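*Asks:*
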Amino acid sequence: MSAMIPNLPFEMHTPHEKVWLSLQPHLLSRGYRLRPRYEPGWIPSWTKVQGVYPTECEDSLRRVGKLIDAIRISDGSKVVIKQVDTSTSELPLAMKLSSAELRSDPRNHAVPALDVILIPGNDDMALLVMPFLMDFNDLPFRHVGEVVEMVEQFLECLEFLHEHNITHMDFCWFNLMMDASRMVPRGWHFCNPWKHDGSTRGGFGWLDRWTVRPVKYYLIDFELTVPEMSETVSADSFKVDVYQLGNVIKKLTKKYTGLSVLKSLAKKMTNPDPLKRLTAHEAVKTFRCRKSKWTARSMERRVWRRTTPFIDRFMVKYRNFNAII
320 MSAMIPNLPF EMHTPHEKVW LSLQPHLLSR GYRLRPRYEP GWIPSWTKVQ GVYPTECEDS
380 LRRVGKLIDA IRISDGSKVV IKQVDTSTSE LPLAMKLSSA ELRSDPRNHA VPALDVILIP
440 GNDDMALLVM PFLMDFNDLP FRHVGEVVEM VEQFLECLEF LHEHNITHMD FCWFNLMMDA
500 SRMVPRGWHF CNPWKHDGST RGGFGWLDRW TVRPVKYYLI DFELTVPEMS ETVSADSFKV
560 DVYQLGNVIK KLTKKYTGLS VLKSLAKKMT NPDPLKRLTA HEAVKTFRCR KSKWTARSME
620 RRVWRRTTPF IDRFMVKYRN FNAII
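Listed below in structure tokens is the structure:
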């Protein structure tokens, strides 16, 4: 979970933001431009026009933590930059998982490392550049097949990691992401994923996964990962990964209607007894055996968040109204 934003005036930078302020010149020299809020000499836009509130302006948006968004100047694409502790295995593991050899395996859904930026005079921290992604559940699922596609990709990723003797140890809800670029053609803001530019009032246009499939999913945050050469990796840690992903699937079956086809798999992956719990390979095999029996029509069936009111379900189904509920 992200940390709480300090209760400071919008024109003041938080302690976390001040770290990025200090890194801004170096990032710019390496070809990455931060948002206007982090540029030298920034003047809050709401102070330039009378009667405008800070919350109406994009440059009032802020987040705390080790992540920030940026523009890669060479091609104008959005990226995310993370502060990484160099004393951990996260950076070398990210580079290994992004090697040409491991990237050639289609089951490798670890988030790619696009660039690594070393910081002059700082051996304790490096900056990892990654694709600009969206939390997998920020936009609702609308069809059974959409959930099935996501589950299959993360099961593949789990099997891939375990085959390479790598355990993630945090294969949980908030570390599962998706490339939503085709779902949200106009893009979304890093600090507010339900706004295109962070400030515009009004609607948010997006397409459901079924319309633009396939959607690519990625696993992030390898801070707790046990690397392949570690002497601490054990059978129990592999089963922890299985349990965590199984728990995500179980949670989805509770949050959404129409996902009974996944309940049995989730139950086997979250068996309280690790010895009776499926391995990653067994989970993939079980999933694919069942998937082979599912019809195309069954994959097209609607699913709904249980909190979605009937009127909104009606509008989505019959009026092409895609609310974020």
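Each residue of the sequence shown is one higher than the one before, starting from 320 at the first, in my numbering. All C-beta atoms, glycine included, are put in the ideal place defined by N, C-alpha and C. Predicted model, so just to flag it, every value in this text is computed and none were measured.
Just list the alpha helix (DSSP H) runs in the stretch 346-420, keeping only unbroken ones of 4 residues or longer that don't cross its boundaries, in chain order.
*Replies:* Runs found: 409-416.
*Asks:* What did DSSP end up calling residue 438 once you bin it into helix, strand or coil?
*Replies:* Strand at residue 438.
*Asks:* Grab me the residues of residue 585's own chain with a C-beta within less than 7 angstroms of its C-beta, minus the 5 sequence neighbours each way, in chain order.
*Replies:* Cβ neighbours of residue 585 beyond the five flanking positions: 565, 568, 569 and 572.
*Asks:* Which residue marks the beginning of the beta strand (DSSP E) containing residue 538, and which one marks its end?
*Replies:* That run of the beta strand (DSSP E) goes 536-538.
*Asks:* Would the stretch 440-453 and the stretch 391-405 be scored as touching if the rule is three or more Cβ pairs under 8 angstroms?
*Replies:* Segments in contact, yes.
*Asks:* Can you look up residue 624 in the DSSP assignment and give me helix, strand or coil?
*Replies:* Reduced to three states, the DSSP call for residue 624 is strand.
*Asks:* Along the chain, where does the beta strand (DSSP E) containing residue 496 start, and where does it finish?
*Replies:* Looking at the DSSP string, the run of the beta strand (DSSP E) that includes residue 496 is 495-497.
*Asks:* What's the call for residue 544, buried or exposed, on a 16-neighbour Cβ count within 10 Å?
*Replies:* Counting Cβ neighbours within 10 Å, residue 544 comes out buried, since at least 16 surround it.
*Asks:* Where does residue 409 land, buried or exposed, given buried means 16+ other C-beta within 10 angstroms?
*Replies:* Flag for residue 409 reads buried.
*Asks:* Tell me whether residue 595 is buried or exposed, calling it buried when 16 or more other Cβ atoms sit within 10 Å of its Cβ.
*Replies:* That one is exposed.
*Asks:* In three-state DSSP terms, what is residue 323?
*Replies:* In the structure shown, residue 323 sits in coil (DSSP, three-state: anything other than H, G, I, E or B).
*Asks:* What do you get for residue 371, buried or exposed, if any count of 16 or more other CB atoms within 10 angstroms of its CB means buried?
*Replies:* Residue 371 should be labelled exposed.
*Asks:* Output the distance between the C-alpha atoms of residue 328 and residue 563, rounded to the nearest integer angstrom.
*Replies:* Residue 328 and residue 563: Cα-Cα distance of roughly 39 angstroms.
*Asks:* Could you say which of 461, 355, 437 and 451 lies nearest to residue 619 if we only look at CA atoms?
*Replies:* Taking only the C-alpha atoms, the option nearest residue 619 is 461.
*Asks:* Entirely within the stretch 590-621 and at least 4 residues each: give me those alpha helix (DSSP H) ranges in chain order.
*Replies:* If we require 4 residues or more, the alpha helix (DSSP H) runs fully inside the stretch 590-621 come out as 599-610 and 615-619.
*Asks:* How is residue 425 classed by DSSP in three states: helix, strand or coil?
*Replies:* Residue 425: coil per DSSP, three-state reduction.
*Asks:* Identify every residue that forms a DSSP beta bridge with residue 585.
*Replies:* BP columns for residue 585 are empty, so no partner.
*Asks:* Would you mind stating whether residue 349 and residue 436 have Cβ atoms separated by less than 8 angstroms?
*Replies:* Their beta carbons are under 8 angstroms apart, which means residue 349 touches residue 436 by this criterion.
*Asks:* Three-state secondary structure (DSSP) at residue 335?
*Replies:* Looking at residue 335 - three-state DSSP - the assignment turns out to be helix.
*Asks:* Would you tell me roughly how many angstroms separate the C-alpha atoms of residue 458 and residue 643, rounded to the nearest one?
*Replies:* About 6 angstroms.
*Asks:* Identify which residue in 386, 332 and 369 has its Cα closest to the Cα of residue 360.
*Replies:* The candidate whose alpha carbon is nearest that of residue 360 is 332.
*Asks:* Just confirm the distance between the C-beta atoms of residue 389 and residue 474, as a whole number of angstroms; I'd bet it's less than 8 angstroms.
*Replies:* The Cβ separation is near 32 angstroms, so there is no contact.
*Asks:* In the structure shown, what three-state DSSP assignment does residue 462 receive?
*Replies:* Residue 462: strand per DSSP, three-state reduction.
*Asks:* Provide the residue(s) that pair with residue 450 in DSSP beta bridges, ordered along the chain.
*Replies:* According to DSSP, which records beta bridges pairwise, residue 450 is partnered with 398.
*Asks:* Less than 8 angstroms separating the beta-carbons of residue 538 and residue 430?
*Replies:* Their beta carbons are under 8 angstroms apart, which means residue 538 touches residue 430 by this criterion.
*Asks:* Report yes if the C-beta distance between residue 381 and residue 324 is below 8 angstroms; otherwise report no.
*Replies:* A contact, by the Cβ cut-off of 8 angstroms.
*Asks:* I need the straight-line Cα distance from residue 527 to residue 330, nearest angstrom please.
*Replies:* So the alpha carbons of these two residues sit roughly 37 angstroms apart.
*Asks:* Could you check what DSSP says for residue 469 in three-state terms: helix, strand or coil?
*Replies:* If DSSP states are grouped into helix, strand and coil, residue 469 belongs with the helices.
*Asks:* Would you call residue 615 buried or exposed, if buried means 16 or more other Cβ atoms sit within 10 Å of its Cβ?
*Replies:* Classification of residue 615: exposed, given that the 10 Å Cβ count is below 16.
*Asks:* Can residue 412 and residue 493 be called in contact, C-beta distance under 8 angstroms?
*Replies:* No. Outside cutoff.
*Asks:* Going by alpha carbons, who is nearest to residue 500 out of 482, 480 and 536?
*Replies:* If we check each option's Cα against that of residue 500, 536 comes out closest.
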